[in-house]
Amino acid sequence: MDLDERARRWERRRDRLINVASPLGLVLAWEVAAQLGLIDTRFFPAPSSVAVALLASVHSGELANHVLMSLQRLFIGFVLGGVPALALGIVMGISRPVRAFIDPLIAATYPIPKSSIMPLILLVFGLGEGSKIIMVAIGVFYPVAINATAGVLQINCIYLDVGKSFNAGRWDTFRTIALPGALPFIMTGVKLGVGLGLVLIAVAEMVGAKSGIGYMIWSAWETFSVERMYVGLFAIAMIGFALTAALNEIERRIIPWKADS
Amino acid sequence: MSSGGPPVSAARDPAKIRIGHLTKRFGSQIALDDISIDIAEGSFFVIVGPSGCGKTTLLRILGGLDAMTQGTIEIRGAAAGRPQHSIVFQGDSIFPWMTVWDNAAYGLRMRKAPKAETDAIVEHYLDRTGLTRYAHFYPHQLSGGMRQRVSIARAFANDPEILLMDEPFSALDEQNRTILQQELLRIWEDDKKTVVFITHSVDEAVTLGDRIMVMSASPGRAKIVIDVPFERPRNVLELRQDPRYGDIVYRIWGYLKDEVERARS
Ligand SMILES: Nc1ncnc2c1ncn2[C@@H]1O[C@H](COP(=O)(O)OP(=O)(O)OP(=O)(O)O)[C@@H](O)[C@H]1O
Ligand SMILES: [Mg+2]
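Residue numbers (the numbering used here), protein chains in the order written: chain A, 1 to 261; chain B, 1 to 265.
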């Protein structure tokens, strides 16, 4: 192992350390401010009192229950929206006619804030699981499809010529050139999609749900238990944090050709 | 020693590629104008010419990537099961998302060669190009010269009847170029595939080629075809001391100088 490699590893470890240190610092500052009475603890309870509520809901199994429900919806919605988005996005990148056909549809519907179609979704899919999952699916769909298309379009033509000169068929071109060539963009789309999906699942669970983090936050508001509300917020932040970390790790593994940066 | 005559000159060996009155237009611009040439089976055919004279265009047409406007191309007797041609592209063209090994195996995989055969052939050409140690590296971990070797290994491993090479060494420094020229000759002398090699370097053309077609620009035309008398196998460095080497280089420069002057006036 040469020095350069070691330096790079050290840099990576340092970056991860900073990643962990910054939220911890924020919590610490908050605790101090709450203890010194610098902030109104009716709205911003001290992290320590939130921690007590957190422990209580962990103990009762309530938190785990809500988190699992949200994650399950997020996952199903992600698969339901992401897989077709990936396929459609790549086909759009490869085929001009398909792109010409779909592009205006996406351009017209993309700017609609996803949360604003919530009532429509509730109307169509009812108050049950379906509407929550569809919300996530819609949220995931756009960034994945748009980035997959952009990813294919930015592939240098020379690689497609190489494929052609080696008689790569349609499927082989897709598998060996379009997909891996677009993968860095696709991963960006997936990250954006998961982030958006998390926002939407929280919103969706505030309406007509009996479980999930969004429901937990909403019911805390209804019962004025501010600490529990913070437990919910904390849980959703942690989910976001964990998902981002997991996606970064997945990216590192499935895109090994990307130069370390 | 040289044909010296019109662009079409009778080849001694049977022609592998026969190009007749090939013309290519991009809109109203004539990129290639009435090119006729026979390329002998198993020969190393070099095309040299100023930038923009249509070398890449000609190669892409030969490689089936672009269509010609007029003319004919006949390629003789493709053996069953072997691909007709492989291209080494101008500039970086190896897949950044594949390891050296996977890049070199690409052609064989695309035509569904048995795994054992693929492994043996890839191993052979990685060895020939000095890349064995880097088989599991990704292109971003390689130098420019190494990447160009991967590109050559990929083309050779496909075992085509014809190799089309578009300025494969032009982005390299002098030393690397000399080394790779020698390696290319060594690999080529093993099995004597028909090679069409493009360059804008006169030295490179004389060093590598059996015959050299000098092109003129705007419109791209075949100006003259010159035979290179050196025997094989060749040593890239010793060749340069041969008195005939200087003569040929000088002659080709003469034709190209006309070109440059004509383009300026
Ligand atoms: N797709 C295209 N559309 C329009 N014009 C083109 C196209 N490809 C090439 N040309 C034109 O055809 C001419 C020949 O181009 P070509 O790339 O074949 O040159 P070249 O001899 O390979 O040059 P170089 O040595 O710089 O690589 C140029 O004038 C170029 O502008
Ligand atoms: Mg060119």
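We put the CB at the ideal spot given by N, CA and C, even for glycine.
Check, Outcome
"Three-state secondary structure (DSSP) at Ala178/A?", "helix"
"Run through DSSP, which three-state label would His136/B get?", "coil"
"Run through DSSP, which three-state label would Lys24/B get?", "strand"
"Indicate the three-state DSSP secondary structure (helix, strand or coil) for Gln29/B in the structure shown.", "strand"
"Any heavy atom of ligand 1 closer than 7 Å to the CB of Phe26/B?", "yes"
"Would you list the residues whose beta-carbon is nearer than 7 Å to any heavy atom of ligand 2, in the order they occur in the chain?", "Lys55/B, Thr56/B, Gln90/B, Asp166/B, Glu167/B and Ile198/B"
"If you draw a straight line from the C-alpha of Pro14/B to the C-alpha of Gly42/B, how long is it?", "9 Å"
"Taking 7 Å as the cut-off, is the C-beta of Gly49/B nearer than that to any heavy atom in ligand 1?", "yes"
"Answer yes or no: do Val196/B and Ala157/B have a C-beta to C-beta separation smaller than 8 Å?", "no"
"For Phe174/A, decide whether its Cβ has a neighbour in chain B, counting only Cβ atoms nearer than 8 Å.", "no"
"Can you pull out the residues from the region 151 to 174 of chain A whose beta carbon lies closer than 9 Å to at least one beta carbon of chain B?", "Asn156, Ile158, Tyr159, Asp161, Val162, Gly163, Lys164, Ser165, Phe166, Asn167, Ala168, Gly169 and Asp172"
"Here's the rule: buried if 16 or more other CB atoms are within 10 angstroms of the residue's CB, otherwise exposed. What is Val58/A?", "exposed"
"From which residue to which residue does the beta strand (DSSP E) around Arg221/B run?", "Arg221 to Asp227"
"Return the CA-CA distance between Ala209/A and Val20/A, expressed in angstroms with no decimal places.", "33 Å"
"Mapping the DSSP letters down to three states, classify Phe262/A as helix, strand or coil.", "Past the edges of chain A, shown from 1 to 261, lies residue 262/A, and the structure says nothing about it."
"Please go through the same chain and pick out, in chain order, the residues whose beta-carbon is closer than 6 Å to the beta-carbon of Leu183/A, but skip the five residues on each side of it.", "Ile255"
"Quick one: which unbroken alpha helix (DSSP H) runs of 4-plus residues sit fully inside the region 29 to 94 of chain B? Chain order, please.", "55 to 62"
"Can a CB atom of chain B be found closer than 8 Å to the CB of Gly181/A?", "yes"
"Give me the DSSP bridge partner(s) of Ile19/B.", "Ile37/B and Ile73/B"
"Please determine, among Lys223/B, Arg154/B and Asp210/B, the residue with the shortest C-alpha to C-alpha distance to Arg234/B.", "Asp210/B"
"Please identify the residue among Glu183/B, Ile226/B and Ile198/B whose C-alpha is closest to the C-alpha of Ser170/B.", "Ile198/B"
"Could you check if Phe45/B is buried or exposed, using at least 16 other CB atoms within 10 Å of its CB as the buried criterion?", "buried"
"Counting along the chain, where does the beta strand (DSSP E) carrying Thr194/B start and finish?", "Thr194 to Thr199"
"Does the beta-carbon distance from Gly52/B to Ser36/B come in below 8 Å?", "no"
"Just to check my reading of the structure: Pro97/A and Tyr230/A have Cβ atoms closer than 8 Å, yes? What is that Cβ distance to the nearest angstrom?", "Not a contact, Cβ separation roughly 52 Å."
"Please list, in chain order, the chain A residues whose beta carbon lies closer than 8 Å to that of Tyr138/B.", "Pro256 and Trp257"
"Report the partner residues of Asp191/B according to the DSSP bridge assignment.", "Note: Asp191/B sits in no beta bridge, so no partner."
"Report, in whole angstroms, the separation of the C-beta atoms of Ile94/B and Lys16/B, which I expect to be a contact under 8 Å.", "Wrong, their Cβ atoms sit about 27 Å apart, outside the cutoff."
"Are the C-beta of Ser261/A and some C-beta of chain B separated by less than 8 Å?", "Below a pLDDT of 50, predicted positions are generally treated as unreliable, and Ser261/A, at 46, falls in that range; the measurement from the model is reported next regardless. Not one chain B Cβ lies under 8 Å of Ser261/A."
"If you measure from the beta carbon of Trp188/B to each beta carbon in chain A, is any gap under 8 Å?", "no"
"Helix, strand or coil: which one does DSSP assign to Ser211/A?", "coil"
"For Ile349/B, which residues in chain A fall below 9 Å Cβ to Cβ?", "Here chain B comprises residues numbered 1 to 265, so residue 349/B is not present and cannot be evaluated."
"Go ahead and pull the three-state DSSP assignment for Ser266/B.", "Outside the displayed span of chain B (1 to 265) sits residue 266/B, for which this structure offers no information."
"Measure the alpha-carbon distance for Glu227/A versus Asp15/A and round it to whole angstroms.", "32 Å"
"For Asp166/B, write down the residues that DSSP places opposite it in a beta bridge.", "Ile198/B"
"Is Ser2/B helix, strand or coil by DSSP?", "Because the pLDDT of Ser2/B is 40, which lies under 50, any placement of that residue in the model is unreliable, and the question is left without a value."
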